[in-house]
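Peer 1: Got a structure here, written out as structure tokens. Questions coming.
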Amino acid sequence: MFKKLAFGVLTTLALTSTAYADTCPSAASFYKENGEFKVAGPNGLLTVDVDPTSVSGDDIKKLIFSGARLKDKDNSNARVVCQYLSTLSKADTSASLVLATGKPTQPDGGNWKGDDCDPKAGDLNKCAFK
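FYI, in this note's numbering the residues of the sequence shown are 232 to 361.
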């Protein structure tokens with residue numbers, strides 16, 4: 232009985248202490264509010280910079296995640312710059328946003344090379360960070 236209880240407690244501790252990796256938000260979650268594009272971030276709303284600014288709300292949701300870059304990653308000013316393009320080969324429309332993490336941040340996906348990440352096929356999880 233004690234062994235089962237101890238195993239259960241240790242398993243619970245292991246699962247709850249596992250670090251969760253974050254990703255850049257999907258363009259499908261972008262929306263227009265008062266003439267600006269926004270997305271929900273971990274600490275509130277983030278402004279999405281879009282070029283051209285005349286792009287429609289439907290078109291921005293179709294953007295493909297094209298990369299991420301870590302800035303000041305070793306301190307509490309760390310942030311991740313997330314980039315999006317209309318296609319991976321030709322950019323008629325592009326967008327970017329800055330995600331402040333508020334803590335030292337490290338790469339956690341398979342496509343990071345230093346502080347830069349190329350997701351190859353738009354896969355947000357390839358550029359995860361923690």
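Using N, Cα and C, we set each Cβ at its ideal position, and we do this for glycine too.
Please read all numbers here as calculations on a predicted model, not as lab measurements.
(1) Taking Cβ to Cβ, would you say Thr278 is nearer than 7 Å to Ala309?
(2) Take Asp347 and list the residues in its own chain whose beta-carbon comes closer than 6 Å to its own, dropping the five residues that flank it on each side.
(3) If you draw a straight line from the C-alpha of Lys351 to the C-alpha of Lys269, how long is it?
(4) In chain order, what residues of the same chain have a beta carbon less than 6 Å from the beta carbon of Val286, not counting five sequence neighbours either side?
(5) Please classify Lys334 as buried or exposed, where buried requires at least 16 other C-beta atoms within 10 Å of its C-beta.
(6) Go ahead and pull the three-state DSSP assignment for Lys357.
(7) At which residues does the alpha helix (DSSP H) containing Asp289 begin and terminate?
(8) Do the CB positions of Ala258 and Leu294 come within less than 7 Å of each other?
(9) Which partner residues of Ser348 appear in the DSSP bridge assignment?
(10) Tell me which same chain residues have a C-beta within less than 6 Å of the C-beta of Lys263, skipping the five on either side of it?
Peer 2: In short, the structure shows the following:
(1) Within the sequence shown, residue 278 is the residue found at index 47, counting from 1. Within the sequence shown, residue 309 is the residue found at index 78, counting from 1. Contact: no.
(2) Working through the sequence shown from its first residue, we reach residue 347 at position 116. Once the five neighbours on either side are set aside, the close Cβ partners of Asp347 are Arg300.
(3) As a working note, residue 351 is residue 120 in the sequence shown. As a working note, residue 269 is residue 38 in the sequence shown. Cα to Cα, the separation comes out at about 25 Å.
(4) Taking the first residue of the sequence shown as 1, we reach residue 286 at position 55. Result list for Val286: Thr324, in chain order.
(5) For the purposes of this step, residue 334 is identified with residue 103 of the sequence shown, where counting begins at 1. Result: exposed.
(6) As a first step, residue 357 is located in the sequence shown; it is residue number 126 there, counting from the start. If DSSP states are grouped into helix, strand and coil, Lys357 belongs with the helices.
(7) In the sequence shown, counting from the first residue as 1, residue 289 sits at position 58. Segment Gly288 to Ile291, the alpha helix (DSSP H) holding Asp289.
(8) For the purposes of this step, residue 258 is taken as the residue at position 27 of the sequence shown. For the purposes of this step, residue 294 is taken as the residue at position 63 of the sequence shown. Going by C-beta atoms, Ala258 is nearer than 7 Å to Leu294.
(9) Mapped onto the sequence shown, residue 348 falls at position 117. Ser is not the amino acid found at residue 348; the sequence shown has Cys there. DSSP, once it has assigned bridges, lists Ala299 and Trp343 as partnering Cys348.
(10) Position 32 of the sequence shown, counted from the first residue, corresponds to residue 263. Within the same chain, Lys263 has close Cβ partners Gly288.
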